Every structure is written in structure tokens, then in C-alpha cells.
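Read through the structure below, which is laid out as C-alpha cells, and then see the notes.
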Amino acid sequence: MNRIEQVEEHISKLREELKNHKLYTNLSDVEDIKIFMEKHIYAVWDFMSLLKALQHKLTCISLPWKPSKNAKTARFINEIVLGEETDVNENGIPKSHFEMYIEAMNEVGASTEKILNLVSSINSMQDIFDKLNRANLKKAEKDFLEFTFKIILSGETHKIAAAFTFGREDLIPDMFIEIINKSGDTNQSQFPKLSYYLNRHIELDGDEHGPLSLEMISELCGNDENKWNDVINVSREALEKRIDLWDEITKEINQKKPAYNIA
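Under the working numbering, the letters of the sequence shown match residues 1214 to 1476, in that order.
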């Protein structure tokens, strides 16, 4: 068993718990999607922050320019940045996926006020925890973001890469598309921005990114036992924070459903 397989074995129960989370069976209509998107947007933002931290660490963004230590890894990160930070929307206009998600939230009637206020209030990493504490966030939302930025501020690239690689969920696009499809042709045409975002997400997140991210982890850790242990611990905590966030979303969705509909 190689080191990547050992990491995957250590986190397999948490990944299975996330994959089979009760949230997915509680998302049944567009009103549920609104609630979900208002919370999931924090995961879209934190993903971009992890990605940019990796770009800072693994590519050259300073002057004078110097070659990256590993051009293959640098290309991998830059490709994801290109697709996530400067993609094109359904009208061919350059947009980040964060901005596209915000537009999709507006389209379905989800509130964007909290996330936009939070992002606009933070101008440096020095005051980020103070701003998170002051923000109107539920505990699971705040804990989720605090963990991400704690890892970024550690400055340890292998830890950032672990949260980026193993701390994500893979079910969202398929799940959303199924709900929209079940809601009928009217809603599909009513939500073109959301449908485009989800299909674009699937298109860009191809088979190549997964293996390259694992290769990145292996390169960063090498034969360092402590780094591999860090990867396991960070990956576990990232998944635990994600599960806590999913629990919070499920709770809020169920609180707004009639009692006889609660699963």
C-alpha cells in the first residue's frame, strides 16, 4: 500500500459519511437549494482561497520571475486558476466561478447579502479571524472558514494541498442537476445561470485533476513521515468541518419544512 492509499484509508469513513450524508435526501426542491446555496457559497469562497494559496506557493508570482520547482505541478495549479478565476459565463463574459455562483444564487432567489458583506469587509489575512468572529455566521459556518484560513496561514504547502485535495465534496453538481430536472422544463429554463454553472463545473473537473492533485501531495511530502501524518490529520479535520456544515444545513432545511415532511 503506497502513502496516498494509506491517507485514503484513514479518511475513508469520513468520506463515506459525507457521500451518504442525510443532507442529500433532504434537498428536494428549489427552496431547499436556496438554503443550501446560502451556506455552500462559503465552500466556494474557501476553495478559491486554498487555490490561490497554492498558486502563491507553487508558481512564481513575484519579480523577478524564476522557474517553478516543478513545472507540471505549476501548470496544474495555473490551469485550475484559469478555469476557476477567469472562466466564461453562459454569455461568454469572463467571470470567476464565485461570481457565477453568486449570479446563480440571485437567479434562484437565495440571499447573497451575508457572503458579499463578509468578503468585502476582509482586506487582509491579518484581520480575517476578527472579521469572521464579527460576521453574522452560524457556528458551523464560522468553524469551517476558520479552519481553512488557519491552514492557509500556517504557510505549510503540504497542509494547504491536503485541505484542497481531500477536503472537498464531489456530489453537488449531479445532485443539483437532478433536482432541477425533477422540477420540470420550466425551472430548467428559469435557472439558466445555475444550470450553466453546474454543467461547466462538471466539464472542467475532469478525470485529470484528481490524479494530478494526488501527485502534488506525493511531491510535497516525499519521504517525510511527519508531513504524511499532517496530510492525514488535515484531511480528516477538513472533512469533519464539511460534515458539520452539512449537518447545519440539514437542520435549517428541516426547521423550515412542515413537520410531517421531516425525514
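Each residue gets a CB set at the ideal place from its N, CA and C atoms; glycine is no exception. Predicted model, so just to flag it, every value in this text is computed and none were measured.
For residue 1459, the enclosing alpha helix (DSSP H) starts and ends at 1438 to 1468. In this structure, residue 1259 sits away from residue 1356, with a CB-CB distance that is not shorter than 8 Å. Within 10 angstroms of the beta-carbon of residue 1301 lie fewer than 16 other beta-carbons, which makes it exposed.
With distances taken between CA atoms, residue 1465 lies nearest to 1240 out of 1228, 1216 and 1240. Non-local beta-carbon contacts of residue 1270 in its own chain, meaning distances under 6 Å to residues more than five positions away in sequence, involve 1370 in chain order.
In this model, residue 1299 and residue 1286 are separated by some 19 Å (Cα to Cα). In the DSSP assignment, residue 1348 falls outside any alpha helix (DSSP H), carrying neither H nor E. Counting the other Cβ atoms within 10 Å of the Cβ of residue 1306 gives fewer than 16, which makes it exposed.
With a cutoff of 8 Å on beta-carbon distance, residue 1454 and residue 1360 are scored as near each other.
When rounded, the separation of the alpha-carbon atoms in residue 1337 and residue 1253 is 23 Å. Sequence-distant Cβ neighbours of residue 1291 in its own chain, meaning closer than 8 Å and more than five residues away, are 1268 and 1272. Distance from the CA of residue 1405 to the CA of residue 1303, rounded to the nearest whole angstrom, comes to 8 Å. Judged by DSSP secondary structure, residue 1374 falls within the alpha helix (DSSP H) whose first and last residues are 1370 to 1379.
The Cβ neighbour count for residue 1250, taken over all protein chains shown within 10 Å, is at least 16; the residue is labelled buried.
A direct Cα-Cα distance of roughly 47 Å separates residue 1319 from residue 1438. Using a C-beta cut-off of 8 Å, the stretch 1424 to 1432 makes no contact with the stretch 1318 to 1333, since fewer than three inter-stretch Cβ pairs fall below that distance.
The DSSP-derived three-state label of residue 1300 is strand.
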